[in-house]
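Note sheet for the following structure.
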Amino acid sequence: MPVTQTEVLHILGEQVKPGESKEVNFDVANLHTSSPVHIPVIIERAKKQGPTILFTAGIHGDEVNGVEIIRQLIAKGINKPKSGTIICMPVINIFGFINLKREFPDGRDLNRVFPGSPSGSLAGRVAYKLMDEVIPHADLIIDFHTGGSGRFNAPQLRYAKEKTDLDILAKVFGAPFVLYSKNLSKSFRATCNKLGKPLLLFEGGKSFHIDDVVTNSGVNGSKRILKHFGMLRTVFKSSKPKTECVFINDSKWQRAKYSGMFKASIPIGSYVKKDDMLGNITDPYGKFNYFVRASNTGYIINVNESPIVYQGDALFHISTKLKRQ
Numbered sequence: 001m002p003v004t005q006t007e008v009l010h011i012l013g014e015q016v017k018p019g020e021s022k023e024v025n026f027d028v029a030n031l032h033t034s035s036p037v038h039i040p041v042i043i044e045r046a047k048k049q050g051p052t053i054l055f056t057a058g059i060h061g062d063e064v065n066g067v068e069i070i071r072q073l074i075a076k077g078i079n080k081p082k083s084g085t086i087i088c089m090p091v092i093n094i095f096g097f098i099n100l101k102r103e104f105p106d107g108r109d110l111n112r113v114f115p116g117s118p119s120g121s122l123a124g125r126v127a128y129k130l131m132d133e134v135i136p137h138a139d140l141i142i143d144f145h146t147g148g149s150g151r152f153n154a155p156q157l158r159y160a161k162e163k164t165d166l167d168i169l170a171k172v173f174g175a176p177f178v179l180y181s182k183n184l185s186k187s188f189r190a191t192c193n194k195l196g197k198p199l200l201l202f203e204g205g206k207s208f209h210i211d212d213v214v215t216n217s218g219v220n221g222s223k224r225i226l227k228h229f230g231m232l233r234t235v236f237k238s239s240k241p242k243t244e245c246v247f248i249n250d251s252k253w254q255r256a257k258y259s260g261m262f263k264a265s266i267p268i269g270s271y272v273k274k275d276d277m278l279g280n281i282t283d284p285y286g287k288f289n290y291f292v293r294a295s296n297t298g299y300i301i302n303v304n305e306s307p308i309v310y311q312g313d314a315l316f317h318i319s320t321k322l323k324r325q
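Here full-length UniProt numbering is used: the first residue of the sequence shown is 1, the next is one more, and so on.
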């Protein structure tokens with residue numbers, strides 16, 4: 001990783017010297033009421049030189065668990081580095097966060113408009129400003145997300161299979177799973193990848209929900225990364241992961257064969273064998289009870305927690321092929 005020199009950091013129209021702490025604003029547009037919207041960016045710099053790590057969350061306004069992880073990094077002072085610079089952006093899509101909606105007011109998914117445009121849609125302008133004024137300063141980005149549509153993700157890191165250089169950092173972070181997944185066109189991850197900026201995408205939990213296990217996984221993983229680069233102050237302890245990280249080459253969704261009321265009976269993260277019972281689908285009248293059994297052997301990395309499902313809905317995301325370590 002490149003080493004950022006201990007010079008004045010020029011970011012978002014502000015100057016931050018080594019050893020300084022500063023909150024700057026990432027502002028794009030006012031609300032429709034003309035009320036200004038300030039998106040705080042918290043910057044902490046040590047006097048000692050070191051890399052610059054950027055923590056981001058809230059690209060989707062309904063994914064509050066990622067916001068909570070960065071909030072804890074700030075509230076506990078973990079973001080004050082022993083060396084280098086830490087930049088925290090807890091809520092990028094402040095417009096969606098205000099309304100607890102995934103998208104921007106213009107209906108666009110921010111994570112599908114990168115690298116954006118200075119004269120495009122509201123989401124496109126936010127994407128452009130992030131890529132133009134913040135990302136150039138980062139040596140490593142850790143971006144926090146959650147599952148959507150009632151689907152609960154086991155804590156996991158995601159990046160493209162060919163990015164084997166990130167395997168070492170993934171092991172350091174220590175999430176229970178790494179899911180190799182392709183970079184989606186016009187996503188934040190894909191755009192950073194094109195610029196040669198390493199990015200670890202953390203997935204955990206589901207939208208509209210804060211989960212302590214997921215939060216702890218994100219906070220502890222962040223501390224391990226900071227310690228790895230000599231940035232974690234000695235006042236903080238960095239524990240070893242409780243389990244060895246499982247690298248998943250391929251996976252598939254098991255879908256509902258029937259519509260009805262659904263209840264999973266297997267804990268997230270479990271290792272199951274083919275034909276193991278995972279849950280059941282019933283009707284409201286007590287006449288029908290279908291037992292959902294595992295279609296293959298693997299790890300359960302995502303569970304649909306919706307009480308009502310329709311035929312074809314995704315129920316369980318199960319690993320199909322693991323990477324040998």
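Think of the CB as a built atom: it goes at the ideal place given N, C-alpha and C, for glycine as much as any other residue.
By alpha-carbon distance to residue 121, the top candidate from 108, 35, 175, 260 is 108.
If you check the CB distance, residue 281 and residue 309 come in under 8 angstroms.
With a cut-off of 8 angstroms on Cβ pairs, the stretch 187-199 is in contact with the stretch 124-139, counting three or more such pairs.
Check the Cα spacing between residue 145 and each of 58, 295, 25: the tightest is with 58. Taken through DSSP and simplified to helix, strand or coil, residue 110 comes out as helix.
Nearest in C-alpha terms to residue 269, of all of 213, 224, 311, is 213. With 16 or more other Cβ atoms from the protein chains shown falling within 10 Å of its own Cβ, residue 95 counts as buried. Just so you know, the alpha carbons of residue 172 and residue 182 end up roughly 22 angstroms apart. A direct Cα-Cα distance of roughly 12 angstroms separates residue 217 from residue 73. For residue 293, the CB contacts under 7 angstroms within the same chain, skipping 5 residues up- and downstream, are 275, 276, 277, 278 in chain order.
Per DSSP, residue 252 lies in no alpha helix (DSSP H) segment; the continuous beta strand (DSSP E) that holds it begins and ends at 246-255. Taking the Cα positions, residue 257 is about 9 angstroms away from residue 290.
Proximity to residue 225 across 75, 152, 140, 61 peaks at 140, based on C-alpha coordinates. Note on geometry: alpha-carbon atoms of residue 13 and residue 129 lie some 12 angstroms from one another.
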